[in-house]
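Heads up: the sequence shown begins at 392 in our numbering, then just goes up one per residue.
A quick write-up on the structure given underneath.
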Amino acid sequence: MLQASDITEYADLTETNTELDMRRLVLVGRSECGKTTLKQVLRGEKITYEKTQYVSQYDVLIDMPGEYAENLDLAHAIALYTSESDVVGVCISATEPYSLYPPNVTPYANRDIVGIVTKIDHWAADVAQATRWLELTGCKKIFHVSSYTGQGVDDIIDFLKIKHTKHKVGYVMDKIHNEDFNRLCDLPSYFLE
Ligand SMILES: Nc1nc2c(ncn2[C@@H]2O[C@H](COP(=O)(O)OP(=O)(O)O)[C@@H](O)[C@H]2O)c(=O)[nH]1
Ligand SMILES: [Mg+2]
Numbered sequence: 392m393l394q395a396s397d398i399t400e401y402a403d404l405t406e407t408n409t410e411l412d413m414r415r416l417v418l419v420g421r422s423e424c425g426k427t428t429l430k431q432v433l434r435g436e437k438i439t440y441e442k443t444q445y446v447s448q449y450d451v452l453i454d455m456p457g458e459y460a461e462n463l464d465l466a467h468a469i470a471l472y473t474s475e476s477d478v479v480g481v482c483i484s485a486t487e488p489y490s491l492y493p494p495n496v497t498p499y500a501n502r503d504i505v506g507i508v509t510k511i512d513h514w515a516a517d518v519a520q521a522t523r524w525l526e527l528t529g530c531k532k533i534f535h536v537s538s539y540t541g542q543g544v545d546d547i548i549d550f551l552k553i554k555h556t557k558h559k560v561g562y563v564m565d566k567i568h569n570e571d572f573n574r575l576c577d578l579p580s581y582f583l584e
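Okay, here's the thing in structure tokens:
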């Protein structure tokens with residue numbers, strides 16, 4: 392059988408390239424909690440205020456209007472966008488007077504879920520309380536960010552990064568034919584009698 396170790400060994404000798412890729416993040420959260428600003432910072436854009444009118448899909452980011460998290464009819468559509476992403480970012484502003492999220496709802500999504508506490512720079516921020524609310528919602532991993540100061544933004548980017556090792560098709564085909572395929576053809580002797 393082809394062993395994982397064979398691949399690594401071969402990878403050192405042949406043309407392979409390690410590519411850095413980003414997992415796709417969908418930002419969910421109520422209006423004004425800072426999703427669009429965070430999206431702009433994650434994408435390295437200039438911050439401009441814009442009311443999100445529709446679900447905007449970028450290469451690795453999906454930003455949706457807060458109404459999706461606030462309105463039961465639209466909330467069903469969140470399931471659709473989580474299925475198009477790799478990671479769901481449940482956002483809550485540190486200035487929030489209450490939490491929109493019911494307890495233990497994260498198992499409803501079959502994607503990685505992370506909590507994101509936004510606006511941690513704000514004078515009225517209560518980061519500990521927002522964190523506690525996200526924990527109650529079911530988030531195991533929680534990021535704390537400020538789109539204004541940039542604090543914590545790199546942590547999200549690092550979390551989304553993944554490395555792929557790509558092998559040339561020829562190498563993979565060689566492996567299949569020379570090792571696995573031929574071995575399957577080596578019939579036990581009693582078949583040959
Ligand atoms: N203090 C502070 N304000 C922020 C931060 N991020 C966003 N805001 C402000 O919060 C408001 C709503 O932001 P927006 O990104 O449009 O929220 P969205 O409705 O969730 O997309 C805007 O006035 C932003 O300037 C932040 O990190 N710190
Ligand atoms: Mg928005």
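In this text, a Cβ means the ideal position worked out from N, Cα and C, and glycines have one as well.
- Proximity to Trp514 across His467, Ala470, Glu487 peaks at Glu487, based on C-alpha coordinates.
- The closest heavy atom of ligand 2 lies less than 7 Å from the beta carbon of Lys426.
- Between Gly506 and Leu525 the beta-carbon gap is near 3 Å, inside 8 Å, which marks them as a contact.
- Here DSSP, grouped into helix, strand and coil, assigns Thr509 to strand.
- Judged by their CB atoms, Glu475 and Ile504 are not nearer to each other than the 8 Å cut-off.
- When the beta-carbon positions are compared, Cys530 and Thr509 stay at least 8 Å from each other.
- As far as DSSP is concerned, Met564 takes part in no beta bridge.
- Relative to the Cα of Met413, the nearest Cα in the group Arg434, Ala519, Val419, Gly541 belongs to Arg434.
- Excluding five sequence positions before and after Ile548, the CB atoms of its chain that fall closer than 7 Å to its own CB belong to Leu433, given in chain order.
- Excluding five sequence positions before and after Arg421, the CB atoms of its chain that fall closer than 7 Å to its own CB belong to Gly457, Ala460, Glu461, Leu491, given in chain order.
- The alpha-carbon separation between Lys532 and Leu418 amounts to approximately 15 Å.
- Secondary-structure assignment with DSSP links Asp549 through no beta bridge to anything.
- Under the three-state reduction of DSSP output, Leu525 falls in the helix class.
- In this chain, the beta strand (DSSP E) harbouring Val481 covers 478-484.
- Cβ neighbours of Leu465 within its own chain (closer than 6 Å, five residues either side excluded): Glu458, Tyr459.
- Between ligand 1 and the CB of Asp503, the shortest heavy atom gap is not smaller than 7 Å.
- Taken atom to atom, the span from the alpha-carbon of Lys552 to that of Leu416 is near 11 Å.
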